[in-house]
Amino acid sequence: MAQVKQTCTCGKELLESSMKKHLNSQYHKKRTGQIEVPKKPPRRFKKIQCECGCFVCCNVMKRHRETKKHKRLMKKNNEELPLAK
375 MAQVKQTCTC
385 GKELLESSMK
395 KHLNSQYHKK
405 RTGQIEVPKK
415 PPRRFKKIQC
425 ECGCFVCCNV
435 MKRHRETKKH
445 KRLMKKNNEE
455 LPLAK
């Protein structure tokens, strides 16, 4: 006996035998809007001004100091490069 595939209202294809279990699943309820999923706000990092004049997120300051752009601007400003710790 061949099992028949059905398409659910949420758009998922599944076997007829597993339809009852699927209708009670979190996946189905989220897709059909029975459960509201709270959206997380985007994580924002505070931007600070580097000694070269660029505004950079505080979490990538060390990586920024190693870039060609930072070194070029520091050379242009005739300032000494900060020592890496």
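Its first residue numbered 375, the sequence shown is counted upward by one per residue in my numbering.
Glycine included, each C-beta is placed from N, C-alpha and C at the ideal position.
Considering Cα atoms alone, identify which of 447, 421, 446 and 409 is closest to residue 435.
Minimum Cα distance to residue 435 is reached at 421.
Distance, residue 443 Cα to residue 431 Cα:
C-alpha separation (whole angstroms): 15 Å.
What does a CB cutoff of less than 8 Å around residue 429 pick up in its chain, not counting 5 residues either side in sequence?
Residues of the same chain with a CB within less than 8 Å of the CB of residue 429, apart from the 5 flanking positions on each side, are 421, 422 and 423 in chain order.
Assigned secondary structure, residue 406 (DSSP; H/G/I helix, E/B strand, else coil)
In the three-state reduction of the DSSP assignment, residue 406 falls in the helix class.
Residue 387 - partner residues in DSSP beta bridges:
Residue 387 is bridged to 381.
Return the first residue and the last residue of the beta strand (DSSP E) that residue 421 is part of.
From DSSP, the beta strand (DSSP E) with residue 421 extends over 421–423.
Near residue 382, what residues of its chain come up, given a Cβ to Cβ distance below 8 Å and the 5 sequence neighbours on each side ignored?
Taken in chain order, the residues that qualify are 388, 393, 396, 397 and 402.
Whole angstroms are fine: how far does the CA of residue 416 sit from the CA of residue 438?
Distance between the alpha carbons of residue 438 and residue 416 is about 22 Å.
Can you tell me whether DSSP reads residue 431 as helix, strand or coil?
If DSSP states are grouped into helix, strand and coil, residue 431 belongs with the strands.
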